[in-house]
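Participant: Residues 1419 to 1670, numbered by this note's numbering, are exactly what the sequence shown covers, in order.
For glycine and all other residues, C-beta sits at the position ideal for the given N, C-alpha and C.
Predicted, not measured: the structure shown is a model, and the values here were computed from it.
Before anything else, here's the structure in question.
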Amino acid sequence: MSGVFAPAPGRAPMRSVVASQIRMELTLTARRGEAVVLAMGVPLLVLLGAGLTEVTNVPGDDRLAFVVPGVLALTVMSTAFTGQAITTGYERSYGVLKRLGASPLTRPGLLFAKTAAVLGLIVVQLIALAAVGFAVGWRPHFEAVLPALGITVLATAAYSGLALLMASLLRPEATTGAATLIYVLMLAAGGIMFAAPDLGTWGWFVLPLAAHAEALRETLSYGRSVPTAIWLSLGAWALILVTAAARKFRWE
1419 MSGVFAPAPG RAPMRSVVAS QIRMELTLTA RRGEAVVLAM GVPLLVLLGA GLTEVTNVPG
1479 DDRLAFVVPG VLALTVMSTA FTGQAITTGY ERSYGVLKRL GASPLTRPGL LFAKTAAVLG
1539 LIVVQLIALA AVGFAVGWRP HFEAVLPALG ITVLATAAYS GLALLMASLL RPEATTGAAT
1599 LIYVLMLAAG GIMFAAPDLG TWGWFVLPLA AHAEALRETL SYGRSVPTAI WLSLGAWALI
1659 LVTAAARKFR WE
């Protein structure tokens, strides 16, 4: 018998390490079913409450055309920012991230895996909520799905970057409070279930949730192109926050 049978220890290719971490993140998320339900619960209540009743004032005659895209944007923020910030903060507090730091997984690899896993979950959530919206009368322009998806990927990266940055710099209790406060402020000022004050184009650079919601309305509800200012706004938010998270992220 020819050949040499000797152990050949070595690190797996980084793509395999990251893919394994993505699967782990999705598995852990599935085990936190109550968090997933909560992340969709508030947006679903907003969709049905503001979309089917006149409890709030919305511009135009088609309430669902205004409310449903806003709810989709709110869901993305709820999952990619609020939920991820709180979860990651406690993972660092409990020493989970410290153990991952001793593995072949690099810091950028972990950030990419968390963002990719969140994006996968978001796709499922958006399909479910869009189906509810369609069932109650919303009629989207399906040909506009690609630009809507592109702008949602940018928004997810921005929200995820902010979540991971906060989870690295703050204690988990402070992260929970700050993430919840930002979520409530964005919900109130982002023009989700009622018309927000007109801040002009610069408002999209200050309120990423408002920019995301407006982009989804323009594409999915009205079949128009995404305004260039929104592409620039969310692109800038994504670049700045992801870069900051990559530089400041700590394992413990």
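#1: Please report the residue range of the alpha helix (DSSP H) in which Leu-1523 lies.
#2: With a 10 Å radius around its C-beta and 16 neighbouring C-beta atoms as the bar for buried, classify Ala-1663 as buried or exposed.
#3: Short of 8 angstroms in beta carbon distance, which residues of its chain neighbour Leu-1523, apart from the five on each side in sequence? Order them along the chain.
#4: If we ignore side chains and look at the alpha-carbon of each, how far apart do Ala-1457 and Val-1542 end up?
#5: Compute the Euclidean distance between the alpha carbons of Leu-1492 and Pro-1461, then round it to the nearest angstrom.
#6: Please tell me whether Pro-1626 and Ala-1573 are closer than 8 angstroms, where the distance is taken between their beta carbons.
#7: Going residue by residue through the stretch 1540-1627, where are the continuous alpha helix (DSSP H) segments of at least 4 residues, counting only ones entirely within it?
#8: How is Arg-1665 classed by DSSP in three states: helix, strand or coil?
#9: DSSP state of Arg-1510, grouped into three classes?
#10: Expressed to the nearest angstrom, what Euclidean distance is found between the alpha-carbon atoms of Trp-1649 and Ala-1656?
#11: Cutting at 6 angstroms between CB atoms, please list the residues of its own chain near Ala-1633, excluding the five before and the five after it.
#12: Between Thr-1474, Gly-1507, Thr-1533 and Tyr-1512, which has its C-alpha nearest Leu-1444's C-alpha?
#13: Output the distance between the C-alpha atoms of Met-1562 and Glu-1670, rounded to the nearest integer angstrom.
#14: Across the stretch 1466-1480 and the stretch 1508-1519, are there enough close Cβ pairs to call them in contact, namely three or more that are closer than 8 angstroms?
#15: Are Met-1604 and Met-1432 touching if we call contact CB-CB under 8 angstroms?
#16: Taking C-beta to C-beta, are Leu-1659 and Ala-1576 nearer than 8 angstroms?
#17: Among His-1630, Ser-1578, Val-1602 and Thr-1619, whose alpha-carbon lies nearest the alpha-carbon of Thr-1671?
Facilitator: The structure says:
#1: Per DSSP, Leu-1523 is not a residue of any alpha helix (DSSP H), being assigned neither H nor E.
#2: buried
#3: Val-1435, Val-1436, Gln-1439 and Ala-1531
#4: 12 angstroms
#5: 7 angstroms
#6: Yes; because the gap between Cβ atoms is below 8 angstroms, this pair is in contact.
#7: The alpha helix (DSSP H) runs lying completely inside the stretch 1540-1627 and spanning 4 residues or more are 1563-1587, 1590-1607 and 1619-1624, given in chain order.
#8: Arg-1665: helix per DSSP, three-state reduction.
#9: helix
#10: 10 angstroms
#11: Ile-1569, Val-1644 and Ile-1648
#12: Thr-1533
#13: The sequence given here places Ala at residue 1562; Met does not occur at that position. Looking at the two C-alpha atoms, the distance is approximately 42 angstroms.
#14: no
#15: no
#16: A contact, by the Cβ cut-off of 8 angstroms.
#17: Within the shown structure, residues of the chain are numbered from 1419 to 1670, placing residue 1671 beyond reach of any answer.
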